Amino acid sequence: LLPVNFNMISALPKGGNVEVKWAVESAKKGFYIIERGIDGMSFESIGQMASTGDLQYSFMDLNTSNIMASVVYYRVKFVEDAGYNYSAVASLYMEGGQLLLGVYPVPFSDQGINVTLSNPSKDMVTLRLLNQMGIEIAKYEDNSAVVSSVFLGKGLSTGLYFVEVNSSFLNKIVKATKE
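If you're matching positions, the sequence shown starts at 5 in our numbering and goes up one per residue.
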């Protein structure tokens with residue numbers, strides 16, 4: 005039995021910082037440790053907050069200006085007397101110190117995978133979800149200042165998928181596993 009069930013996690017650019025949000029299925033006594041990493045495997049604590057009985061939480065990472073990695077990973081650890089467990093991982097893609105793309109959670113479930121992209125020039129952006137063979141499963145196009153889409157995982161087999169982002173300023177393919 006897990007100490008707490010995480011429903012979601014996201015990490016989104018907000019005014020030059022990163023806002024990490026998460027939701028849990030039920031409130032328990034304990035505390036949350038917010039962690040950041042640059043390789044997806046090693047993480048360090050960047051903050052801590054007590055469980056208040058709420059089901060949704062938010063933490064602002066104010067120390068992102070010195071990060072030189074092209075990808076930054078976030079996760080949340082819940083700790084109580086009976087043990088601890090981790091959320092899924094949210095990843096942010098950066099270029100030239102600017103936060104560009106958020107993909108979360110990884111791995112994803114039937115609830116889906118979220119893709120958010122900063123698009124200040126309001127160029128046309130195409131987001132596609134591809135299977136292992138490169139076949140398009142879903143597609144979304146938008147030219148808003150912030151492009152955001154959820155590709156639902158319901159009905160998809162477990163395994164490896166790819167999120168493809170195409171625009172005049174960013175072309176990227178991100179691996180994502182469906183559990």
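Don't be surprised by glycine CBs; every beta carbon is placed ideally from N, CA and C.
As the structure is a prediction and not an experimental result, all values here were calculated from the model.
With burial defined as no fewer than 16 other Cβ atoms inside 10 Å of the residue's Cβ, what is the status of residue i: buried or exposed?
i, result
"Phe63", "buried"
"Asp192", "Residue 192 lies beyond the residue range present for the chain, which begins at 5 and ends at 183; the question has no answer from this structure."
"Glu39", "buried"
"Leu105", "buried"
"Ile117", "buried"
Can you tell which of the options has the C-alpha that lies nearest to the C-alpha of residue i?
i, options, result
"Ala94", "Gly87, Pro124, Thr130, Met45", "Met45"
"Ser69", "Gln115, Val22, Ser30", "Val22"
"Ala31", "Val8, Ile71, Lys25, Gly20", "Val8"
"Asn170", "Ile42, Gly116, Tyr144", "Tyr144"
"Ser74", "Lys176, Glu183, Leu164", "Lys176"
"Leu96", "Tyr77, Thr181, Lys126, Val24", "Tyr77"
"Phe147", "Ser125, Phe47, Val154", "Checking the displayed sequence, the identity of residue 147 turns out to be Asn instead of Phe. Asn147 has its Cα closest to that of Ser125, out of Ser125, Phe47, Val154."
"Ile141", "Val151, Tyr165, Lys33", "Tyr165"
"Glu99", "Pro109, Leu121, Glu84, Val80", "Leu121"
"Lys81", "Ile50, Gly106, Pro111, Met72", "Ile50"
"Ser161", "Leu174, Ser14, Leu16, Ala180", "Ala180"
"Val150", "Gly138, Val167, Met128", "Met128"
May I ask you to report which of helix, strand or coil DSSP gives residue i?
i, result
"Ser62", "strand"
"Ala94", "strand"
"Asn123", "coil"
"Glu183", "coil"
"Asp85", "coil"
"Ser69", "coil"
"Val129", "strand"
"Met137", "coil"
"Asn175", "strand"
"Pro111", "strand"
"Asn184", "Outside the displayed range of the chain (5 to 183) lies residue 184, so it cannot be described from this structure."
Whole runs of the alpha helix (DSSP H) within the segment 14-57, excluding any shorter than 4 residues
Listed in chain order, nothing qualifies, since the segment 14-57 has no complete alpha helix (DSSP H) run of 4 or more residues.
Whole beta strand (DSSP E) runs in the segment 140-170 with 3 or more residues, listed along the chain?
As summarised for the segment 140-170, the continuous beta strand (DSSP E) elements at least 3 residues long and confined to that stretch are 140-146, 150-155, 163-170, given in chain order.
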